[in-house]
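Worksheet: the structure to be examined is printed underneath.
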Amino acid sequence: MPALKVDKRKWLKLGIEYFSTLGKQGINVEQMAKKLDCNKSSFYHHFQSKKNFLNEMIQYWYNESMEPIITEVDGIREPRLRFERFLILGFKDKSRKDLMFFLRKEAETNTKLNRLLKELKKTRVEYGALLIQKLGYSREVAIQKAEILYLFYLGWYEINKTSKKGEDIKDAIKLIKTFIEF
1 MPALKVDKRK
11 WLKLGIEYFS
21 TLGKQGINVE
31 QMAKKLDCNK
41 SSFYHHFQSK
51 KNFLNEMIQY
61 WYNESMEPII
71 TEVDGIREPR
81 LRFERFLILG
91 FKDKSRKDLM
101 FFLRKEAETN
111 TKLNRLLKEL
121 KKTRVEYGAL
131 LIQKLGYSRE
141 VAIQKAEILY
151 LFYLGWYEIN
161 KTSKKGEDIK
171 DAIKLIKTFI
181 EF
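Here the sequence shown is numbered in UniProt numbering, starting from 1 and rising by one per residue.
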């Protein structure tokens, strides 16, 4: 007999997993409830609608994607090691599959999501710029380099998201060192 309720975070994590491979079509409450061994009412208890679920899932992903990285990186004192750790943590997670593609597609019609994605980009670029500035670059140059780094990451991820080699991260860092000295 399925459980009546499942923890909200389990729904959100599963939603990210499904959304990352199938987009909005992956958010099938019946299939997700079956996977979580619970009733569909558990979903509606937590989220009331698919739209609410999607917004909460994206907010959850947003929080989970940056906070652990910032927490770990902020614990390192030496600027070069700090920046390198930031890169390694950012580049090593390939679990998101096509999440960003589907998020951008959904953001075309979802203004809340569009704002959230802009906020995420701003947070990533500003944090990257802060780390780059600590390497000795001016604020203006650090922001430019952080913008380039962000765009480089998006392209790199798209090409390497299915790669299982650790060498691709080393190669990425080697390329980054051509425009950011550390």
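Glycine included, C-beta positions come from ideal geometry on N, C-alpha and C.
Return the residue from the list the options that minimises the CA-CA distance to residue i.
i, options, result
"S95", "E147, M57, K105 and Y18", "Y18"
"E84", "K134, S65, L36 and K51", "K134"
"N110", "K174, Y60 and N52", "N52"
"M57", "G26, S65 and K13", "K13"
With 16 other CB atoms within 10 Å as the buried threshold, where does residue i fall?
i, result
"F179", "exposed"
"R82", "buried"
"S20", "buried"
"G15", "buried"
"I70", "exposed"
"L87", "buried"
"L151", "exposed"
To which residues of the same chain is residue i closer than 7 Å at the C-beta, ignoring the five residues directly before and after it?
i, result
"residue 189", "Here the chain comprises residues numbered 1 to 182, so residue 189 is not present and cannot be evaluated."
"H46", "K8 and W11"
"G155", "none"
Taking the C-alpha atoms as reference points, what is the distance between residue i and residue j?
i, j, result
"P68", "G90", "11 Å"
"N114", "A142", "25 Å"
"S49", "A33", "14 Å"
"F182", "R80", "5 Å"
"E140", "V29", "47 Å"
"K105", "A172", "27 Å"
"T162", "Q31", "25 Å"
"K35", "Y137", "49 Å"
"T123", "D74", "15 Å"
"K5", "Y60", "19 Å"
"Y153", "Y44", "36 Å"
"I159", "G166", "14 Å"
"Y157", "K174", "15 Å"
Beta-carbon of residue i versus every beta-carbon of chain B: anything under 8 Å?
i, result
"G128", "The structure shown contains no chain B, having only a single protein chain."
By Cβ distance, which residues of its chain are closer than 6 Å to residue i, with the 5 residues on each side in sequence left out?
i, result
"A107", "L113, N114 and L117"
"L149", "G128"
"G23", "F102"
"K145", "I132 and I180"
"G26", "Y18 and F19"
Check your understanding: Using 8 Å as the threshold, is the segment 30 to 39 in touch with the segment 95 to 105, meaning 3 or more CB pairs across them?
Key -> no
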